[in-house]
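Chemist: Residue numbering for the sequence shown follows our numbering, beginning at 736 and increasing consecutively.
Even glycine gets a Cβ: it sits at the ideal position worked out from N, Cα and C.
First, the structure itself, so that you have it in front of you.
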Amino acid sequence: MMKIEVFDRIVTGYDDRHAQFEAERMQLILEGLGSLEQFETGYYVFGEDNFSQDVLSQIAEHGMDILPLTYIDGALHQQRDYLSNEEVMALTGIEFEIVDEHEHDHSHDHAHHHHDDLGGCSCGHHH
């Protein structure tokens, strides 16, 4: 069994959209893998969940900027960033796809096309 744990800070509305999306993406991946028998996963938030002594000492030494920390089978694997989808697939051998809804939202494109049917000035006289 492989154990994947991510220790993070609270991602709030004050963070940019990318930070929020990345945190959500990682939580989705961990949830999905955690539902499989061969994986044990955990997503822990500073101030809400218990952090291991190793994680706390990393934060004490490097500050909160070191988060998120990813541990695999109890060993520190990555710091300051989440694993990419590709890295998770390579580590686990499980293929998956997460669609970023924000990138595929084209409904706002039409608002920028302004058609001027008057074909020139709008003084009312025919030139």
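1) Short check: CB of isoleucine 833 to CB of glutamate 740, under 9 Å?
2) Only counting runs of 4 or more residues, tell me where the alpha helix (DSSP H) segments fall wholly within the stretch 797-841, in order along the chain.
3) How big is the Cα-Cα spacing for isoleucine 794 and isoleucine 829?
4) Going by beta-carbon coordinates alone, are arginine 760 and asparagine 820 separated by less than 9 Å?
5) Nearest to glutamine 904 by alpha carbon, out of Phe831, Asp789, Ala825?
6) Between glutamine 755 and the rest of its own chain, which residues show a CB-CB distance below 7 Å, the 5 nearest in sequence each way excluded?
7) Given methionine 737, which residues of its chain have a CB within under 8 Å of its CB, disregarding the five upstream and five downstream residues?
8) Once you ignore the five residues that flank isoleucine 801 on each side, which residues in its own chain have a CB closer than 7 Å to its CB?
9) Check glutamate 740 in the structure and name its three-state DSSP category.
10) Measuring CA to CA, which of Leu765, Phe781, Asp750, Arg752 is closest to phenylalanine 831?
11) Am I right that leucine 818 and leucine 811 are in contact with their C-beta atoms under 8 Å? What's the rounded C-beta distance?
12) Label tyrosine 778 either buried or exposed according to how many other C-beta atoms from any shown protein chain fall within 10 Å of its C-beta, with 16 as the threshold for buried.
Modeler: If we stick to the structure as given:
1) no
2) 820-827
3) 31 Å
4) yes
5) Residue 904 is absent from the structure shown; the chain starts at 736 and stops at 862.
6) Val746
7) Gln773, Phe774, Glu775, Ile807, Asp808, Leu826, Thr827
8) Gln793, Ile794, Gln814, Arg815
9) strand
10) Leu765
11) Their Cβ separation, rounded to whole angstroms, is 13 Å, which puts leucine 818 and leucine 811 out of contact at 8 Å.
12) buried
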